[in-house]
Structures are given as structure tokens and as C-alpha cells.
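Colleague: Dropping the structure in here first, questions after.
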Amino acid sequence: MFVAGIIAVYNPLHEGHLFHFNKTLKETGADFAVCILSSNFVQRGEPSIVNKWARTRMALDIGVDLVIELPSAFSCASAEYFASAAVRILDSLNCVDYLCFGSEEGKIQDLESTAEFLANESEEFKIELKKGMDKGLSFAAARQRAIISCKNVPDNIGSILNKPNNILGVEYIKAIKRLGSSIKPVTIKRQGQDYNSIELAASFSSATSIRHHLAETVKLNSTMFETDTFINSNLPKSSLEIIKNEINHGRGPVFSETFEIILFHLLRQTPLSELKKLPYVAEGLENRLKDAAMNSISLLDLISKVVTSRYPTSRIKRILCALLTGLSAELLEELKTNGYAQYIKILGFNEKGRILLNKIKKSTDIPIITQPASYTKLSNPLAIRLFEHEIRSNDTYVLAYPDAKQRIGGSELRSRPLYI
């Protein structure tokens with residue numbers, strides 16, 4: 105029996121994701137598919153458009169057998185943390201044969217050579233990287249500069265590291281190598297638009313463009329999207345029905361702007377000494393955040409005032425999510441030191457997934473959570489701290505629901521895995 109692993113956000117699950125899933129099964133010959141799914145705050149530094157339970161159902165409806173949560177501490181993190189935690193969870197299952205991911209490159213050999221180079225940086229590369237950082241460049245820009253300046257670098261490495269899905273793919277491979285895992289990486293060439301495109305196409309539109317179009321449509325009429333030609337051509341029917349259900353029940357769509365007033369309040373009231381303790385805050389960035397909060401009129405305005413060539417938008421947005429959910433740099437660093445993932449939280453499964461889960465229970469070395477209310481029985485204090493952050497994240501996320509009656513706290517502890 106072969107098991108394929110997928111790491112996904114599904115925000116929302118669209119035709120490109122369906123193509124990737126079907127291609128994964130075909131390329132690997134897998135009998136089972138396991139998905140590590142981002143929690144309610146995602147890697148872009150934003151809340152997901154619908155909650156993790158709705159996105160879990162989307163995954164199960166296309167044929168994923170078992171869905172496991174990537175906790176918010178990692179799902180709303182830099183590529184290294186995101187990838188390392190997700191791969192650690194997959195590896196801890198002790199049954200996953202393949203990790204299949206989409207990439208702009210589409211050639212696993214090129215991604216592997218890039219990962220090998222970055223995992224074993226030469227002294228020349230380290231020196232050039234530091235020079236770029238000292239000049240105020242972002243890490244990504246400084247890395248690109250160092251690559252251009254160095255000799256004996258793999259072909260195409262510069263162009264590979266200039267695309268977001270390639271970057272994640274490289275981080276997945278690095279994480280697999282670092283763990284000494286037997287999981288085999290497989291990549292499938294990304295179809296359709298660029299990751300950040302907001303222009304809708306007839307098919308294979310990016311999740312970004314779908315969210316953008318959905319937001320504009322819902323603002324005009326909450327039911328108009330149901331008959332929208334572009335939305336219907338880019339989403340599987342099951343995804344469309346799930347989004348419709350979430351909107352009808354007042355649980356979506358959720359957008360960053362909903363947290364605008366809360367964020368302004370937190371930034372204006374939180375002492376600089378506490379802002380300094382947030383993940384990704386360095387070199388006086390807390391001062392820029394505080395100043396922007398006092399002199400901005402909207403969330404977009406605030407972010408634009410803080411962003412620099414060294415601190416890109418995604419980093420600022422992740423800092424704001426950490427502030428919202430109460431995530432400290434100290435906790436994130438302790439999680440990294442102790443292998444990232446501390447538990448396996450089950451979000452959903454089908455009958456095949458139930459069979460696989462029973463096998464995992466006998467082989468894994470970290471606890472499995474199926475009854476969240478019993479998390480206090482975990483023997484690892486760090487696992488308890490990570491799960492308590494997840495509770496806070498969920499209680500924060502629901503505050504953005506359109507229907508006030510849906511904003512009751514504690515839903516994380518009342519939840520159960522979906523079974524279809």
C-alpha cells in the first residue's frame with residue numbers, strides 16, 4: 105500500500121487543486137491520500153476565506169482520505185516554518201511514501217539541487233548573503249543577490265527561487281533531508297495563473313483571483329456568486345456548495361479587513377516592549393508598527409507605512425496575525441528547537457482514512473488529538489501550549505463571521521473530526 109501526502113491551504117479548493125490531486129494519485133500510484141491542511145490563519149498572513157472545517161470538507165469531497173491540521177502557529181508562518189512543521193507531521197505518521205506538491209518549475213531534479221545547495225551553503229554564499237542583509241534588503245532579495253554573485257551555483261537557481269511555489273517546494277525537500285525522512289518528493293507543474301494574480305481566467309484561476317472576485321461579488325450581493333460564470337468555471341461543484349453553505353450560515357466569507365479595528369486597538373495599546381516579542385519583529389520594527397498605527401486610517405494604509413524593501417508585505421501581515429492570536433517569538437522558537445509539530449490533530453477522514461488512522465495510531469511517536477476538549481491530558485507541556493494557541497486563534501477567527509450569533513467562543517473544544 106502506498107500513501108501520498110499533500111500539504112495544502114485550499115483557500116478555497118479550486119480546479120487547479122483538483123487537477124493536482126488527481127495527478128498526484130496518477131503519478132504516485134498511491135492507494136491513500138493524506139492532506140496536511142492549514143488552519144484558519146494562512147501563510148499569506150491572512151484569515152482563510154472559510155474556516156478549516158469547511159475546507160476539510162472540500163478536501164474529503166474530492167477524495168482525500170485523511171485530513172490533518174497544520175496549526176496556526178505554523179500555517180501562518182514563513183516558508184521554512186510552514187514547510188518544516190508540515191513535513192514533520194507527515195513524517196511522524198510513519199506511513200507516507202510520497203510528498204507531492206505543485207511548483208512553477210515542474211522538475212524535481214532542479215528543485216532538489218537547489219535544496220541541496222541551500223542546505224549546504226558555501227562560505228562565499230554566506231558572506232554575500234550577509235552583505236545584502238546589511239544593505240537593508242529582504243532575506244529573499246539578499247539571497248537572490250548572493251546567488252548572482254557566487255560561483256558554482258546550480259543552473260536556474262535564481263529563477264527557481266523567484267517563484268512562491270518553487271520556494272515552498274525547496275523548503276519541503278530541505279525539511280525531508282534534515283529529518284532523514286524516507287518520504288520521496290514529487291512535483292507537478294503548476295497550471296494556470298501566477299500565484300498572486302488577481303485576474304480571473306476561464307479555468308485554472310489562482311486562489312488569489314478567486315478570493316478577490318468572490319469578495320467583490322459578495323459585497324454587491326451575497327448570493328450573486330452562485331450564478332457567476334467565472335466562479336462556477338473555477339471551482340468544483342462541491343467547493344461552491346460548501347462556500348454557499350458557509351455564507352448562508354453567516355460564517356463567511358472572512359477577510360483581513362474585518363480585524364482592522366481590533367488590530368489598531370492592539371497596536372496602539374500594546375507597549376513597545378511587548379510588540380518586540382512578536383515573531384518576525386526585529387531591528388526596531390516595533391517602532392514602525394506603533395507609529396503606523398497612530399497615523400493610519402485603514403489596515404491597508406497601516407501595512408503600506410510599515411513595508412520596506414527589507415520587510416515585505418507578507419512578513420508584516422504575519423506579524424499582525426501573531427498579534428491577533430497571541431503568538432510569541434519565544435514560543436515559535438521553542439517549537440522549532442523541539443521539532444516543530446507536537447501533536448497530530450485530526451480534522452476529517454473517510455472510511456479509507458479511518459483504516460489508515462488506525463494504522464497510524466500504532467506507529468506514530470507523537471500524540472493524536474481527536475477529542476480537543478481532552479488536550480489538557482497531553483503529557484508534553486509544549487504540546488499543550490501549542491494547542492492553547494490554536495484555541496486562541498480559532499476564538500479570534502470567529503470574531504470575523506458576518507453573523508454575530510456564530511461568534512461564540514470555544515468552538516475548537518467542541519469540535520469533532522468530520523467523517524464522511
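Just so we're aligned: the sequence shown equals residues 105 to 524 in our numbering. Note that the Cβ used here is the ideal one computed from N, Cα and C, for glycine as well.
Thinking Ala-219 and Lys-281 are a contact (beta carbons under 8 angstroms), I'd like their distance in whole angstroms, please.
Modeller: To locate residue 219, count along the sequence shown from 1; it is residue 115. To locate residue 281, count along the sequence shown from 1; it is residue 177. Indeed they touch by this definition, with Cβ atoms about 7 angstroms apart.
Colleague: Our contact map puts Asn-198 next to Thr-468 with C-beta atoms below 8 angstroms; I'd like the distance itself, whole angstroms only.
Modeller: Here residue 198 refers to the residue found at position 94 of the sequence shown. Here residue 468 refers to the residue found at position 364 of the sequence shown. At roughly 6 angstroms, the Cβ-Cβ gap stays under 8 angstroms, so Asn-198 and Thr-468 are in contact.
Colleague: Nearest-angstrom Cα distance between Ala-477 and Ser-226?
Modeller: Translated into positions along the sequence shown, residue 477 becomes position 373. Translated into positions along the sequence shown, residue 226 becomes position 122. Their Cα atoms are separated by approximately 48 angstroms.
Colleague: Once DSSP output is grouped into helix, strand and coil, what is the label at Val-200?
Modeller: One-based indexing of the sequence shown puts residue 200 at position 96. Coil at Val-200, not helix or strand.
Colleague: Under a Cβ-count criterion, where at least 16 other Cβ atoms within 10 Å of its own Cβ denotes burial, should Ser-483 be classed as buried or exposed?
Modeller: Against the sequence shown, residue 483 aligns to sequence position 379. Classification for Ser-483: exposed.
Colleague: Give me the DSSP bridge partner(s) of Thr-333.
Modeller: Mapped onto the sequence shown, residue 333 falls at position 229. Paired residues: none, contrary to the question.
Colleague: Based on Cα-Cα distance, which residue from Ala-183, Arg-489, Ser-152 lies nearest to Tyr-83?
Modeller: With the chain covering 105 to 524 only, the question about residue 83 has no answer from this structure.
Colleague: For Thr-417, collect the residues of the same chain with a Cβ closer than 7 angstroms to its Cβ; drop the 5 residues on either side in sequence, then sort them by chain order.
Modeller: As a first step, residue 417 is located in the sequence shown; it is residue number 313 there, counting from the start. For Thr-417, where only same-chain residues beyond five positions count, the Cβ hits under 7 angstroms are Ile-407, Val-411.
Colleague: I'd like to know if the stretch 239-247 and the stretch 197-217 are in contact, where contact means that at least 3 CB-CB pairs between them fall below 8 angstroms.
Modeller: No, the stretch 239-247 is not in contact with the stretch 197-217.
Colleague: Is the stretch 153-169 close to the stretch 421-434, with three or more CB pairs under 8 angstroms?
Modeller: Output reads no: the stretch 421-434 does not touch the stretch 153-169.
Colleague: With a threshold of 8 angstroms on Cβ separation, who are the neighbours of Gly-525 within its own chain once the five nearest residues in sequence on each side are excluded?
Modeller: The question about residue 525 has no answer here: the residues shown for the chain are numbered 105 through 524.
Colleague: With Pro-289 as the anchor, note down where its alpha helix (DSSP H) starts and where it stops.
Modeller: Here residue 289 is taken as the residue at index 185 of the sequence shown, counted from 1. First-last for Pro-289: 288-293, but that is the beta strand (DSSP E), not the alpha helix (DSSP H).
Colleague: Per DSSP, Gly-452 forms a beta bridge with which residues?
Modeller: The residue labelled residue 452 in the question sits at position 348 within the sequence shown. The partner list for Gly-452 (beta bridge, DSSP) reads Val-171, Leu-522.
Colleague: How about Val-146 and Pro-357: are their beta carbons less than 8 angstroms apart?
Modeller: Walking along the sequence shown from the start, residue 146 turns up at place 42. Walking along the sequence shown from the start, residue 357 turns up at place 253. No; because the gap between Cβ atoms is not below 8 angstroms, this pair is not in contact.
Colleague: Skipping 5 residues on each side, what residues in its chain have a beta carbon closer than 8 angstroms to that of Leu-389?
Modeller: Position 285 of the sequence shown holds residue 389. So the list reads Val-410, Tyr-415, Ile-423, once near-sequence residues are dropped.
Colleague: Helix, strand or coil, according to DSSP, for Ile-153 in the structure here?
Modeller: The residue given as residue 153 occupies position 49 in the sequence shown. Looking at Ile-153 - three-state DSSP - the assignment turns out to be coil, as it is neither helix nor strand.
Colleague: Any idea which residues DSSP pairs Phe-145 with across the strands?
Modeller: Within the sequence shown, residue 145 is the residue found at index 41, counting from 1. Paired residues: Pro-151.
Colleague: Rounded to whole angstroms, what's the CA-CA distance from Gln-213 to Lys-278? Just pull it up for me.
Modeller: Counted from its first residue, the sequence shown places residue 213 at position 109. Counted from its first residue, the sequence shown places residue 278 at position 174. Going from the Cα of Gln-213 to the Cα of Lys-278 covers about 13 angstroms.
Colleague: Inspect the beta-carbon positions of Phe-205 and Leu-265 and report whether they are closer than 8 angstroms.
Modeller: For the purposes of this step, residue 205 is taken as residue 101 along the sequence shown, with counting starting at 1. For the purposes of this step, residue 265 is taken as residue 161 along the sequence shown, with counting starting at 1. No.
Colleague: When burial is assigned at 16 or more other CB atoms within 10 Å of the CB, is Ser-485 buried or exposed?
Modeller: If you number the sequence shown from 1, residue 485 lands on position 381. The sequence as given places Pro at residue 485; Ser does not occur at that position. Exposed, because fewer than 16 other Cβ atoms sit within 10 Å of the Cβ of Pro-485.
Colleague: Would you report the Cα separation of Ile-287 and Tyr-276, rounded to the nearest angstrom?
Modeller: The sequence position of residue 287 within the sequence shown is 183, counting from 1. The sequence position of residue 276 within the sequence shown is 172, counting from 1. Computed Cα separation, rounded: 10 angstroms.
Colleague: Quick one: Cα of Leu-117 to Cα of Pro-340, how far?
Modeller: Position 13 of the sequence shown, counting from 1, holds the residue named residue 117. Position 236 of the sequence shown, counting from 1, holds the residue named residue 340. Whole-angstrom Cα-Cα distance: 8 angstroms.
Colleague: Less than 8 angstroms between the C-beta atoms of Tyr-505 and Arg-355, yes or no?
Modeller: Taking the first residue of the sequence shown as position 1, residue 505 is located at position 401. Taking the first residue of the sequence shown as position 1, residue 355 is located at position 251. Closer than 8 angstroms, so yes.
Colleague: What separation, rounded to the nearest whole angstrom, lies between the Cα atoms of Glu-209 and Ser-263?
Modeller: The residue given as residue 209 occupies position 105 in the sequence shown. The residue given as residue 263 occupies position 159 in the sequence shown. Cα to Cα, Glu-209 sits roughly 9 angstroms from Ser-263.
Colleague: Residue range of the alpha helix (DSSP H) that Ile-110 falls in?
Modeller: The residue given as residue 110 occupies position 6 in the sequence shown. Unbroken run through Ile-110 is the beta strand (DSSP E), 107-112; no alpha helix (DSSP H).
Colleague: What are the uninterrupted segments assigned as beta strand (DSSP E) that are 3 or more residues long and contained completely in the stretch 374-427, given in chain order?
Modeller: Runs found: none.
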